[in-house]
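In this note's numbering, the protein residues as written are 569 to 705.
The structure appears right after this line, and notes come after that.
This is the structure:
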């Protein structure tokens, strides 16, 4: 029971770390590339979809880069965490994938951005797992 609790603690902590990193960097890059676009005041899916439609492609690219870096960071940290097992990193990958899929269905991103958002999860998490792996070093 203790092993399951510690494993879930590692996964949730690194999910929080990766999400906060990607959200913060994504907001910064979005503001840097599209400072003229006003954010919606409420988190209504229709207003958010309208806001996303106004953003230039560079702002979307910045948000995707930030999302990928946050997922890679989270999976790298969970692999480096003492006592971590490879299963923890794959559980975190599934959690990131579920979050990306939920976000795509919650707000209309358009087909291209939706595909990029979901397709980015596995390669970025895999890179984080490989960077965090202690095998072969």
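Even for Gly, the Cβ is constructed at its ideal location relative to N, Cα and C.
Beta-carbon contacts of residue i that lie in its chain and below 7 Å, excluding the five residues immediately before and after
i: residue 629; result: none
i: residue 697; result: 643, 647, 657
Closest residue to residue i among the options (Cα-Cα distance)
i: residue 576; options: 646, 675, 622, 635; result: 646
i: residue 702; options: 651, 632, 579, 633; result: 651
i: residue 639; options: 606, 595, 675, 663; result: 663
i: residue 661; options: 624, 582, 607; result: 582
i: residue 632; options: 682, 569, 666, 578; result: 682
i: residue 680; options: 666, 674, 670, 625; result: 625
Same chain, Cβ closer than 8 Å to residue i, five either side skipped, listed in chain order
i: residue 678; result: 620, 621
i: residue 637; result: 589, 590, 593, 692
i: residue 700; result: 643, 644, 645, 646, 647, 648, 657
6 Å Cβ shell around residue i - same chain, five flanking residues per side excluded
i: residue 685; result: 668, 672
i: residue 627; result: 598, 601, 602
i: residue 695; result: 640
i: residue 586; result: 638, 639, 641, 642
i: residue 635; result: 590
- Say whether the segment 604-616 touches the segment 683-695, bearing in mind that this needs 3 or more beta-carbon pairs closer than 8 Å, one atom from each stretch. They do not touch, by the three-pair rule.
- Message: Report the start-end ranges of each alpha helix (DSSP H) in the segment 581-633 that is 4 residues or longer and not cut off at the edges.
- Response: 613-622, all fully within the segment 581-633.
- Query: On the three-pair Cβ rule with 8 Å, is the segment 645-660 touching the segment 616-625?
  - Reply: Short answer: they don't touch.
- Whole runs of the alpha helix (DSSP H) within the segment 650-704, excluding any shorter than 4 residues: Taking only runs of at least 4 residues, the alpha helix (DSSP H) segments lying wholly in the segment 650-704 are 654-674, 679-687, 689-700.
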